[in-house]
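This report refers to the structure that appears directly beneath it.
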Amino acid sequence: MTSSKLQAALNLSASIGTVDAPASARSAQDDVLRLFDACGPSLFRYVRALGIDAATSQDIVQEVFLALFHHVRLERPRHNLKGWLFKVAHNMALKQRRKLQRRHADEISDIELAELVIDPCLNPEQRLAEEQRHTRLRSVMHALPERDRQCLYLRAEGLRYREIADVLGISLGSVAKSVTRSLARLGNV
Amino acid sequence: MCDHPADTILVACIDGELTEAMTIDVERHLQECDACAMRCSALRHASGDVAQLWHPAANERAAGPAARQALIRNMREDLIRRSARRTPIVLALVAALLFLTVRFESSLLGKSLLVERGALPVSSLTPGAAEMVGSERLCVPFARVAPHIPAALRQQVLRDYGMEHVPEDEYELDYLITPELGGLTDRRNLWPEPYGLQSWNAHAKDALEHLLPRLVCSGRIDLATAQREIAADWIGAYKKYLSSNRPIQLHARLLLPGEPGRE
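Protein sequences, first through last, are from chains G and E. Counting in numbering that gives the first Met the number 0, the first sequence runs from 0 upward without gaps. Counting in numbering that gives the first Met the number 0, the second sequence runs from 0 upward without gaps.
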């Protein structure tokens with residue numbers, strides 16, 4: 000988000016609601032918005048990858064940042080807020096998924112993976128080969144154990160192994176093995 | 000590094016998770032070992048594939064202006080909700096504080112507000128007994144010093160109160176109507192007042208007994224009234240004449256207008 004958009008959003012915030020937030024709340028709100036700009040899309044992708052539909056994923060992301068707002072306002076520890084966000088999102092998404100599974104198992108959606116962007120300079124044979132490889136990659140990705148996929152997704156979002164371990168509640172060694180196993184399988188495609 | 004690094008080490012190296020020293024070792028090995036270099040390249044390529052698969056271009060909606068606006072609105076509503084939720088809690092806290100203050104008041108200062116057991120005599124046993132005395136006898140300094148209480152009478156009163164076995168240093172056999180107001184040395188006018196009382200004790204009663212004769216002698220109240228009131232409820236009389244709902248901690252000598260020493 001550009002600075003002008005950010006300013007517009009802040010101006011908009013001043014016109015919403017009838018209660019003037021105290022200075023501490025405004026400061027917390029600014030901090031949360033900055034993190035929302037930085038991590039919002041990542042969280043949304045991660046929640047989507049856990050099998051939650053787009054609309055619910057958006058709701059969960061909102062809830063996560065509201066929880067962050069509360070966290071910041073209570074002046075709780077601020078170290079590694081990115082890891083904190085993913086952990087909260089992970090827990091909320093799994094909770095939501097369990098709820099959905101109990102009601103309508105078929106509502107659990109599959110992950111959304113990007114379509115392949117093929118180099119236009121390739122000749123038709125190369126393009127075909129690349130499309131086939133991409134299809135195989137997607138298949139392998141879908142076939143990975145869920146925990147391995149989660150490790151891979153969190154890694155792709157830039158989390159360190161220690162942060163991934165914290166989000167998923169597993170050991171550092173398990174994260175390293177999981178990521179290696181997944182990349183090895185994808186590397187064989 | 001003599002051995003070939005495991006895939007885990009290669010991936011950790013790609014991800015920047017190794018220490019600096021280990022990273023240098025791995026990179027040195029990769030320069031010398033073609034097999035490991037190829038393996039590392041494949042893993043790096045797979046990592047790139049994941050990144051490409053993983054980052055769909057069209058996910059801006061999650062953090063677009065609409066989502067941001069929604070978050071701002073949600074934060075404001077959350078503030079309002081929490082503040083509304085806090086109001087009853089604040090009221091409850093204020094009520095609890097008031098309750099505790101009253102309790103504190105009554106426990107600390109008001110040992111005054113709560114009359115301890117033993118502060119008042121049993122009215123059926125000690126209704127009070129006095130004679131009417133003229134001012135010429137009553138209002139002479141040291142005219143009516145408390146007489147000695149005979150041992151038999153003392154035992155009788157203690158028996159009445161079931162305190163014959165209580166050590167003497169734990170109570171004072173007190174006159175209900177002080178001799179300074181015509182009180183008699185009589186079974187009906189004596190009762191064992193415990194020393195252990197912390198508020199309405201013998202010291203407080205002494206202050207009243209000091210004041211009432213002077214009020215009578217100065218003509219502010221008549222003797223019969225003083226006798227009746229101290230006999231019926233000396234604590235009530237204290238509150239009335241000393242204008243205090245609790246015993247005054249330091250009973251300074253109370254001087255009435257016109258008495259020597261009062262300006």
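Just so you know, even glycine gets a beta-carbon here, dropped at the ideal spot from N, CA and C.
Give the DSSP-derived three-state secondary structure of residue i in the structure shown.
| i | result |
| --- | --- |
| A270/E | Because chain E is modelled from 0 through 262, residue 270/E falls outside the range shown and cannot be assessed. |
| E156/G | coil |
| P40/G | helix |
| S129/E | In the sequence as presented, Ser is not what sits at residue 129/E; that position holds Ala. Here A129/E sits in strand by DSSP. |
| T18/E | coil |
| L182/G | helix |
| A5/E | coil |
| V139/E | coil |
| I169/G | coil |
| I229/E | helix |
| D118/G | coil |
| I163/G | helix |
| A118/E | coil |
| G235/E | helix |
| P149/E | coil |
| S138/G | helix |
| M162/E | coil |
| I247/E | coil |
| C12/E | helix |
| N73/E | helix |
| D33/E | helix |
| D24/E | helix |
Hey, is residue i's beta-carbon within less than 7 Å of any beta-carbon in chain E?
| i | result |
| --- | --- |
| V178/G | yes |
| L67/G | no |
| G82/G | no |
| G157/G | no |
| Q28/G | yes |
| A183/G | yes |
| Q95/G | no |
| Q61/G | yes |
| G186/G | yes |
| L136/G | yes |
| A175/G | yes |
| L151/G | yes |
| Y45/G | no |
| F85/G | no |
My understanding is that residue i touches residue j, with C-beta atoms under 8 Å, so please give their C-beta distance in whole angstroms.
| i | j | result |
| --- | --- | --- |
| Q61/G | A69/E | 6 Å |
| L137/E | G181/E | 7 Å |
| A27/G | R75/G | Going by Cβ atoms, the distance from A27/G to R75/G rounds to 11 Å, so no, they are not a contact pair. |
| A88/G | L42/G | 5 Å |
Could you tell me whether the Cβ of residue i comes closer than 7 Å to any Cβ of chain G?
| i | result |
| --- | --- |
| D48/E | yes |
| A36/E | no |
| L42/E | yes |
| W199/E | no |
| L29/E | no |
| N73/E | yes |
| L17/E | no |
| T22/E | no |
| A11/E | yes |
| W233/E | no |
| A45/E | yes |
| D33/E | no |
| L70/E | yes |
Who are the Cβ neighbours of residue i in its own chain at under 7 Å, not counting the five residues just before and after it?
| i | result |
| --- | --- |
| G39/G | V60 |
| R96/G | L49, G50, I51 and I107 |
| L29/E | C35, A36 and C39 |
| R187/E | T125, P126, G127 and A128 |
| I220/E | L214 |
| Y160/G | L171, V174 and A175 |
| P120/E | L175 and W190 |
| E124/G | none |
Please go through the same chain and pick out, in chain order, the residues whose beta-carbon is closer than 6 Å to the beta-carbon of residue i, but skip the five residues on each side of it.
| i | result |
| --- | --- |
| K238/E | N244 |
| S181/G | L143, D147 and L151 |
| A183/G | none |
| S242/E | none |
| I132/E | Inspection of the sequence shows that residue 132/E is occupied by Val rather than by Ile. Counting only Cβ-Cβ distances below 6 Å, and skipping sequence neighbours, we find G181. |
| L222/E | V215 |
| N90/G | none |
| T224/E | none |
For the ligand HEM, any of its heavy atoms closer than 6 Å to the Cβ of residue i?
| i | result |
| --- | --- |
| H133/G | The ligand HEM is absent from the structure shown, which contains no ligand whatsoever. |
Using a Cβ-Cβ cut-off of 8 Å (strictly less than) and excluding sequence neighbours within five positions of residue i, which residues of its own chain qualify?
| i | result |
| --- | --- |
| A164/G | S170, L171, S173 and V174 |
| D173/E | L189, W190, P191, E192, A201 and K204 |
| L207/E | I229, W233, A236, Y237, Y240 and L241 |
Taking C-beta pairs closer than 7 Å, name the residues in chain B that residue i reaches, listed in chain order.
| i | result |
| --- | --- |
| D6/E | Protein chains in the displayed structure are G and E, and chain B is not among them. |
Handout entry: alpha helix (DSSP H) segments (min. 4 residues) lying fully within the segment 165-217 of chain E
Key = 201-216
Only counting runs of 3 or more residues, tell me where the beta strand (DSSP E) segments fall wholly within the segment 51-105 of chain G, in order along the chain.
-> none
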